[in-house]
Structure formats: structure tokens, C-alpha cells
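Encoded as C-alpha cells, the structure appears first; notes follow it.
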Amino acid sequence: MSAQSNAKITPLNRVWQADDLLDKDNSARRVYDSIIDLAPSPENPTPMVRLSERMNPHADYEVLLKLEGMNAFGSIKDRTALYMLRGLQLKAGQILVEPSAGNTGVVKSMVESEAYGGKYVSPNQYESKLNVEAHYRTTGPEIWNQTKGDIDYFFAGIGTGGTISGVGRFLKEKNPNIKIIGVEPATRQHTLSGLKRITGLPDEHFPKILDRDLLDDLISVTDEEASRAGIEVARKEGIMVGPTTGAVLFAALNSDLPKNGKAVLISADNAARYVSAYSKYL
Ligand SMILES: Cc1ncc(COP(=O)(O)O)c(C=O)c1O
């Protein structure tokens with residue numbers, strides 16, 4: 148742990164009585180009625196961790212990783228899911244189906260086909276304005292509060308485009324000088340699940356909710372660059388993240404953009420699901 152760390156650890160070189168260790172004003176209870184109460188919000192933001200010089204060699208460039216893998220269900224999608232589900236009225240007997248990359252056509256036909264008689268309902272993160280709204284109302288304000296508005300760059304991967312559009316709109320409204328940088332896979336065939344290569348995409352396949360006018364730059368990263376950066380941040384900082392965080396990290400540390408000021412990077416999820424994906428590069 149670095150000397151600047153502000154982690155509260157009781158010193159070991161004195162004898163403690165049980166009562167010394169109690170939470171006197173009951174502020175640390177963290178007892179909830181439902182897992183949904185853990186949802187991230189400006190009152191309950193996901194944490195940010197500053198990269199040390201082990202990972203970030205640029206002295207005038209501060210890099211903060213916002214750890215969405217700390218969410219109750221393990222990723223930034225907790226935000227989207229909650230907002231979209233709140234906007235959905237399910238009737239008795241209806242079944243919820245949600246596409247992930249590659250099966251939007253299957254899901255679309257289940258929802259629209261007369262043969263199913265309205266049995267299937269989909270929030271559809273690829274088209275729902277509530278996806279963008281979730282980030283405009285939560286992720287964006289959290290970043291603004293956590294940096295006290297002192298932010299120069301925002302980096303995020305692009306999948307549905309919800310994160311970058313919602314956060315980008317919020318930050319640009321607060322300060323149009325903040326640069327919004329998208330990160331995409333370097334090729335169409337890639338293993339960075341959750342991300343989409345948008346360069347060269349025909350309009351009909353372009354993410355419908357992505358507001359491309361918000362993007363100041365778009366950086367392509369290969370699978371190998373992403374995975375190696377994901378492994379590096381685990382080894383050097385002890386932060387266990389998924390390969391798409393590696394992609395965003397690689398972009399933020401190696402792009403041609405000036406390496407000064409403050410950057411906030413979205414770490415969309417943690418490493419738990421990617422052990423086999425990483426093993427190729429270990
Ligand atoms: C695992 C994962 N899923 C999805 C996304 C994309 O988010 P969105 O769908 O909001 O564009 C990212 C972005 O980095 C990601 O890393």
C-alpha cells in the first residue's frame with residue numbers, strides 16, 4: 148500500500164478494547180432490505196482508484212479507474228438493467244428476453260412474431276433511451292462529483308453506446324471542453340465481449356443510441372493489447388478487471404493524446420469471468 152493511501156486500518160502497535168472498534172454513530176451499517184438498494188447512484192457511487200506510477204509513467208497525467216465491477220451483479224450493466232426494468236410494465240404470463248451481441252435478430256423475432264402473441268417482452272438495451280438515461284443520471288453525475296468537476300478526459304468502451312452517450316452528454320453539458328474518447332476493437336472479429344467496432348459500420352448496423360457527435364476521438368485496440376494491459380494492471384496495481392478495461396487502459400496510456408490533466412476511465416467489469424480468456428496471454 149502506498150504512503151498516500153487513505154485506507155483506514157487500525158494500527159497494530161496498541162492494544163484495542165472491543166468498544167474502541169465500534170461504529171459509534173451507526174454510519175457504517177450497510178444493511179439493506181433488497182439487493183436493488185445497492186444500485187449505484189450519485190449517493191452510492193462506484194469507487195475510483197488512481198493509477199500509481201507503476202502503471203502510469205506520466206507525472207502530469209492523472210488516471211482514475213471507475214470500478215463498475217464492484218456493482219452487485221458485477222458490471223456496469225447493473226445501471227442499465229435497473230433503469231430499463233423500472234420502465235417496463237410486465238403483464239401476467241409475459242416473459243422477459245434480452246439480446247446480447249449476436250442474437251438481437253432472434254430476440255426481435257420472439258418479441259414481434261404474432262405466433263407468440265405478445266408472450267415475450269424485451270427492454271432492448273440496443274435501442275432503449277433508458278440505457279442512455281441511466282448513465283446521464285448516475286454515472287455522469289458520479290464522475291463529476293468524484294472529481295469535483297476537475298476532469299479533462301473521459302474514456303469508455305463502446306458496445307450499445309449507452310455509457311459513452313449518457314456520460315458524454317452529462318459531462319459536455321457541465322463543461323464542453325472535456326474530451327470524450329471512445330474505445331473500440333481493432334477488428335470486426337474480436338474477443339472483447341461487450342464492445343463493438345463502429346469504424347466502417349454501415350448505418351443500419353450502427354448502434355442506434357450512440358450519439359457520435361459527442362465523440363472527440365475513437366481509439367482502436369487489439370485483443371492482445373487489451374488483455375496484456377488487463378494482466379498488467381492486476382500485477383502492478385492489484386486491480387482485477389476484464390479485458391475491455393484493458394482496452395480502455397491501453398488507449399488512455401498509449402494514444403497520441405497529450406498526457407497531462409485528469410482522465411477518468413470506465414472499468415466495465417471485473418476479471419472473474421475472464422480467467423480462460425486471459426490464460427492465453429499468461
Ligand atoms: C464488458 C463490457 N460490456 C459493455 C460495454 C459497453 O458499454 P455500452 O453498452 O454502454 O456501450 C463495455 C464498455 O467498456 C464493456 O467493457
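Using the working numbering, you'd call the opening residue of the sequence shown number 148 and step up by one each time. Where a beta carbon is used, it is the ideal one built from N, C-alpha and C, also for glycine.
Here E331 is bridged, per DSSP, to S367. Ligand 1 has a heavy atom closer than 7 Å to the beta-carbon of D416. Burial is judged here by how many other beta carbons sit within 10 angstroms of a residue's own beta carbon; Q336 has fewer than 16 and is exposed.
Taking all protein chains shown into account, A419 has fewer than 16 neighbouring C-beta atoms within 10 Å of its C-beta and is therefore exposed.
The Cβ atoms of A303 and R226 do not sit closer than 8 Å to each other. DSSP, reduced to helix, strand and coil, places I378 within a helical segment of the structure shown. One thing to note: G221 has its Cβ no nearer than 8 Å to the Cβ of D358. Every unbroken stretch of the alpha helix (DSSP H) spanning 4 or more residues and falling wholly within the segment 231-266 is given here in chain order: 251-259. Per DSSP, reduced to three states, the secondary structure at S222 is strand. Shown here, Y283 sits in a helix according to DSSP, grouped into three states.
Per the C-alpha coordinates, the member of M387, E289, L365 and L396 positioned closest to I328 is L365.
In the structure shown, the three-state DSSP call for Y300 is strand.
With a cutoff of 7 Å, T310 counts as near ligand 1, since its C-beta is closer than that to a heavy atom of the ligand.
Assignment of Y208 by DSSP, reduced to helix, strand and coil, places it in the strand class. In this structure, ligand 1 has a non-hydrogen atom nearer than 7 Å to the beta-carbon of I223. Shortest gap from the CB of S269 to any heavy atom of ligand 1: 7 Å or more.
I345 counts as buried, since no fewer than 16 other beta carbons sit within 10 angstroms of its beta carbon. Leaving aside the five residues that flank N292 on each side, the residues in its chain whose CB is nearer than 8 Å to its CB run, in chain order, P189 and P192. In chain order, V244, Y263 and Y267 place their CB closer than 7 Å to the CB of M257, counting only its own chain and leaving out the 5 sequence neighbours on each side. Between the segment 271-280 and the segment 292-301, the count of Cβ pairs shorter than 8 Å is below three; the stretches do not touch. Using a cutoff of 7 Å, the CB of L342 counts as near ligand 1, since one of the ligand's heavy atoms is closer than that. DSSP places R420 within a helical segment (H, G or I) once states are collapsed to three. DSSP places K355 outside any beta strand (DSSP E), giving it a letter other than H or E. Under DSSP, N191 shares a beta bridge with S188. Going by beta carbons, E215 and S414 fall inside the 8 Å limit.
Under the Cβ criterion (8 Å, minimum of three pairs), the segment 365-376 does not count as touching the segment 308-321.
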